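What follows is a set of notes on a single structure, which appears directly below.
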Amino acid sequence: MRVRAAPSPTGPPHVGNAYIALFDYAFARKEGGDFVLRIEDTDAERSTRESEEAILQALRWVGLDWDEGPDVGGPYGPYRQSERADIYRRHAQQLLETGSAYRCFCTRERLADMQKLRGAQGARPGYDRLCRGLTPEQAREKLDAGTPFTVRLKVPLEGQTGFEDLVRGTVVFRNSEIDDQVLLKSDGFPTYHLANVVDDHLMKISHVIRAEEWISSTPKHVLLYQAFGWDLPTFIHMPLLRNQDRSKISKRKDPTSLLWYREQGFLPEALLNFLALMGWSTGDDREKFSLQAMVQSFTWNRVKTSGPVFDMQKLEWLNGEYVRSMSAEELLERILAEPYTRRFDQPAEKLLQVTRLVQERIKRLAEFDEASRFFFEREPYEAADLIPKKHDAAFVRDALPAAHALLKDLDDWSAEPLEGAMRDAAEERGWKRGALYMVLRVAVTCRRVSTPLFETMQVLGKQECIARIETALDWAEELT
RNA sequence: GGCCCCAUCGUCCAGCGGUCCAGGACACCGGACUUUCGAUCCGGCAACCGGGGUUCGACUCCCCGUGGGGUCACCA
1126 MRVRAAPSPT
1136 GPPHVGNAYI
1146 ALFDYAFARK
1156 EGGDFVLRIE
1166 DTDAERSTRE
1176 SEEAILQALR
1186 WVGLDWDEGP
1196 DVGGPYGPYR
1206 QSERADIYRR
1216 HAQQLLETGS
1226 AYRCFCTRER
1236 LADMQKLRGA
1246 QGARPGYDRL
1256 CRGLTPEQAR
1266 EKLDAGTPFT
1276 VRLKVPLEGQ
1286 TGFEDLVRGT
1296 VVFRNSEIDD
1306 QVLLKSDGFP
1316 TYHLANVVDD
1326 HLMKISHVIR
1336 AEEWISSTPK
1346 HVLLYQAFGW
1356 DLPTFIHMPL
1366 LRNQDRSKIS
1376 KRKDPTSLLW
1386 YREQGFLPEA
1396 LLNFLALMGW
1406 STGDDREKFS
1416 LQAMVQSFTW
1426 NRVKTSGPVF
1436 DMQKLEWLNG
1446 EYVRSMSAEE
1456 LLERILAEPY
1466 TRRFDQPAEK
1476 LLQVTRLVQE
1486 RIKRLAEFDE
1496 ASRFFFEREP
1506 YEAADLIPKK
1516 HDAAFVRDAL
1526 PAAHALLKDL
1536 DDWSAEPLEG
1546 AMRDAAEERG
1556 WKRGALYMVL
1566 RVAVTCRRVS
1576 TPLFETMQVL
1586 GKQECIARIE
1596 TALDWAEELT
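This is the structure:
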């Protein structure tokens, strides 16, 4: 059993690439088959080496590794279609010879005019098959004259062509609906249809797993397999990931670049887990599971074919689950590795303590900096923030100096004694504990929302805390 | 528009003829815990697109309709 992922390097790595590759991977690993990565760069105009590299890197980032591919080689290479041009030309030639294809000398201009005319007439769009009617002599003449040509598939005029989709069942098309598809472009490069079929056969791909958008061109592929006299692979069309409005997921409406997910601090294991949930389920009610677990229980029986809306909120929740379930050490390591923060100058121990406090408050690793900034810098804030709800400036001018006086003389600067001291102070003076803590929180962290106050003070250290409180003391003077 | 695919809570999934006054998760709304936020725990809200069949019995099978999506390039 062999499967392949066949991305086109014409842009940033796409979530769809990872989505399909995930199912390729799960199936291959589950069945002990081979997972091949093939680069479909036959569009010389749009394909770039940078994009290819980015796609490979992104797939490696999410943790899907392949057995054969342009970077690791393999027995059926080359795995980059641009390096297989002569193979496709030979196969196109073969189709020409067996009468399954013909040369088309139509210019782009004629094609465009024809299209316009047909559109106006309401006729079936597609090629009007002018060159299919050329006599051998006429064709020879044009060929000898050096007229540029494409090679088109000679689709039967009658009958129908169908295939069996493993998760969708039988799909049939009338041949009259199928266009005489261009197989070889005038630049000598194949189109997707030719290259894909030829490579899948040559690379012994047994299961073609791809997105739903390919269903309508599958009959052309079936016709090609038949023309070559090859056995059909098993086709599996996965549903298309959708935007909120249910249209095919697109960067205009939703983030689609894997690079973006990485920058945002989504964990690859969470992203994969989330993608797995799109159309597949474990069979029990598990929502969180590893790639390994998915592989173990993978089966096509549990794949749905309706298009799932990509729900960023659920992804964030799941990512948060992963963030919280790892050790602070590992979390910090991964934050520094990317890196999602530039605080390399900070003592490792302090970073770790900060990570512990911030861990259950962030969902994405990129949130670390914002969530922890006040540990490293004094942030600006409004003096009025010092005033707790249902209290006034007078309270601040009461509480802050009192706290300051007590804390200044406190020797053991760890959370428990700090809390003890402040709790007692509040009690003695008949203050609401929460109110006192809030004044202190803003003074020390510069924010009304922060990590737990006393642990935070412990991490900040006495000197810094006192200094910040003294700053707040000044601010409090101006409060009205 | 032609062709094709799809159709259970707002969203993701469970259900594969009776065990379903439909289950889990996210989101949302309450409550508990709590020094803020968060996390955690508990509870709540919320759906079988419509109509015909088939069957003793349909969320589950078939047909039609409707809705959504994809595709109609010398792009993949």
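Heads up, the first sequence stops at 1605 in our numbering, and the numbers go up one at a time, no gaps.
For every residue, glycine included, the Cβ atom is placed at its ideal position computed from N, Cα and C.
This structure is a prediction, so every number in the text was calculated from the model and none was measured.
Item                                                                                                          : Value
K1429 classed as buried or exposed, judged by whether at least 16 other C-beta atoms fall within 10 angstroms : exposed
Short Cβ contact (8 Å threshold) for V1434 with Q1369                                                         : yes
F1274 vs A1169 beta-carbon contact at 8 Å                                                                     : no
Length-filtered (3 minimum) beta strand (DSSP E) runs lying within the segment 1219-1260                      : 1226-1229
Contact belief for A1226 with R1277 at Cβ below 8 Å, rounded distance in angstroms                            : 6 Å
DSSP three-state assignment for S1331, whether helix, strand or coil                                          : coil
Sufficient close CB pairs (3 or more, under 8 Å) joining the segment 1358-1374 to the segment 1305-1312       : no
Residues bridged to V1567 (per DSSP)                                                                          : Note: V1567 sits in no beta bridge, so no partner.
Exposed unless 16 or more other CB atoms sit within 10 angstroms - verdict on Q1218                           : exposed
Boundaries (first-last residue) of the beta strand (DSSP E) holding M1363                                     : 1359-1363
Any 3 or more C-beta pairs closer than 8 Å across the segment 1155-1169 and the segment 1186-1201             : yes
Complete beta strand (DSSP E) runs within the segment 1153-1192 (minimum length 3 residues, chain order)      : 1159-1162
Through-space distance from T1295 to N1142, alpha-carbon basis                                                : 26 Å
Cβ neighbour criterion (16 or more within 10 Å) applied to A1153                                              : buried
Residue from G1284, A1527, L1384 with nearest C-alpha to R1185                                                : L1384
Inter-residue Cα distance where the pair is E1541 and L1400                                                   : 44 Å
Continuous alpha helix (DSSP H) stretch holding T1275: start and end                                          : Element bounds for T1275: not the alpha helix (DSSP H) but the beta strand (DSSP E), 1275-1278.
Secondary structure, beta strand (DSSP E): runs of 3+ residues fully inside the segment 1271-1312             : 1275-1278, 1285-1290, 1294-1299, 1307-1309
Burial state of G1404 (16 or more Cβ within 10 Å)                                                             : buried
Inter-stretch contact (C-beta, 8 Å, three-pair minimum) for the segment 1451-1458 and the segment 1404-1420   : no
C-beta contact flag for R1558 and D1510 at 8 Å                                                                : no
Classification of N1426 by the beta-carbon crowding that lies within 10 angstroms, buried from 16 upward      : exposed
Distance, V1420 Cα to V1333 Cα                                                                                : 18 Å
Beta-carbon proximity check, G1432 vs R1335, cutoff 8 Å                                                       : no
Cβ separation of V1280 and N1300, assumed to be a contact under 8 Å, to the nearest whole Å                   : 6 Å
Inter-residue spacing [alpha-carbon to alpha-carbon] between E1208 and T1167                                  : 9 Å
Range covered by the beta strand (DSSP E) that runs through R1127                                             : 1127-1130
H1139 in three-state terms, based on DSSP                                                                     : strand
Residue burial classification, Q1583 (beta-carbon count within 10 angstroms, cutoff 16)                       : buried
Backbone secondary structure at K1429 - three-state DSSP                                                      : coil
Exposed unless 16 or more other CB atoms sit within 10 angstroms - verdict on F1469                           : exposed
Beta-carbon proximity check, Y1465 vs D1494, cutoff 8 Å                                                       : yes
Element boundaries [alpha helix (DSSP H), containing S1497]                                                   : 1493-1501
Exposed unless 16 or more other CB atoms sit within 10 angstroms - verdict on T1343                           : buried
Classification of S1497 by the beta-carbon crowding that lies within 10 angstroms, buried from 16 upward      : buried
Whole-angstrom distance between A1237 and M1451, CA atom to CA atom                                           : 58 Å
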